[in-house]
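Here the structure comes first, spelled out in structure tokens, and everything after it is commentary.
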Amino acid sequence: MVKSEKQAFLERWHDILAPNSLGYRIRLLSQLVRRQFQSHLEPFGLTPSHWVVLCCLWEEDGIPTSTICERLQQLGGTMTGVLDGMEKRDLIRRQRDPQDRRIWRVYLTPAGEKLKEVLPPLIWELRDHTYGCFTPEERDTFSQLVDRLIAHLSQLSDEAAL
Numbered sequence: 036m037v038k039s040e041k042q043a044f045l046e047r048w049h050d051i052l053a054p055n056s057l058g059y060r061i062r063l064l065s066q067l068v069r070r071q072f073q074s075h076l077e078p079f080g081l082t083p084s085h086w087v088v089l090c091c092l093w094e095e096d097g098i099p100t101s102t103i104c105e106r107l108q109q110l111g112g113t114m115t116g117v118l119d120g121m122e123k124r125d126l127i128r129r130q131r132d133p134q135d136r137r138i139w140r141v142y143l144t145p146a147g148e149k150l151k152e153v154l155p156p157l158i159w160e161l162r163d164h165t166y167g168c169f170t171p172e173e174r175d176t177f178s179q180l181v182d183r184l185i186a187h188l189s190q191l192s193d194e195a196a197l
């Protein structure tokens, strides 16, 4: 049986064509996880961007805006809008560094600190539900593979920038 040109094309490139490509499926997975995540944060008037900033500040309060951007691999302009919204909601406050007036430090307010009691248990439960189809070992392996791919792509991006 002779393959048509179309069949040959599809067989050759199947793994890189949407919806079969890994990149497409990772994007779809990201959207699905983000929707679940957002639905759990919405009752608190928060977004996933707010969550990651809160996590940084729960680890180390009073860090510079630039440090938050570095840790989250975010651009400064994007982060400014997130912080503006959080400041309007009285979750954080920004203050100039007394030693270097160019630096803005970000601090939790009592309202931002209080969320530490409520949100982590909620997100822990969501994590268990979201990844419930994995054993703990599979979840760890998946996480390690994702970390490795992020590191690899970050390195490629850094090399391309040189």
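Each number in this note's numbering corresponds to the 1-based position in the sequence shown with 35 added. By construction, the Cβ of each residue, glycine as well, lies at the ideal position given by its N, Cα and C atoms.
Residue nearest to residue 133 within the set 97, 80, 156, 154 is 97 (criterion: CA-CA distance). Counting only the Cα atoms, residue 139 lies some 18 Å from residue 87. Contact between residue 129 and residue 118 holds: CB atoms are separated by about 7 Å, below the 8 Å threshold. Where residue 141 is concerned, the enclosing beta strand (DSSP E) starts and stops at 139 to 143. Runs of the alpha helix (DSSP H) spanning 4 or more residues and lying entirely within the region 75 to 101 occur at 83 to 94, in chain order. Contact between residue 161 and residue 147 fails: their C-beta atoms lie close to 20 Å from each other, not under 8 Å.
If you draw a 10 Å sphere on the C-beta of residue 197, you find fewer than 16 other C-beta atoms in it, and that means exposed.
Using a Cβ-Cβ distance cut-off of 8 Å, the region 64 to 83 and the region 158 to 173 are in contact, since at least three pairs of beta carbons, one from each stretch, lie closer than that value. Apart from sequence neighbours up to five positions away, the residues of its chain that approach residue 71 with a beta-carbon distance below 7 Å are 161, 165, ordered along the chain.
Counting along the chain, no beta strand (DSSP E) covers residue 51, and no H or E run does either. Less than 8 Å separates the beta-carbon of residue 89 from that of residue 150.
Annotation: the continuous beta strand (DSSP E) that includes residue 130 extends over 127 to 131. The C-beta of residue 187 has fewer than 16 other C-beta atoms within 10 Å across all chains shown, which makes the residue exposed. A check of alpha carbon separations from residue 106 across 121, 194, 50, 84 identifies 84 as the nearest.
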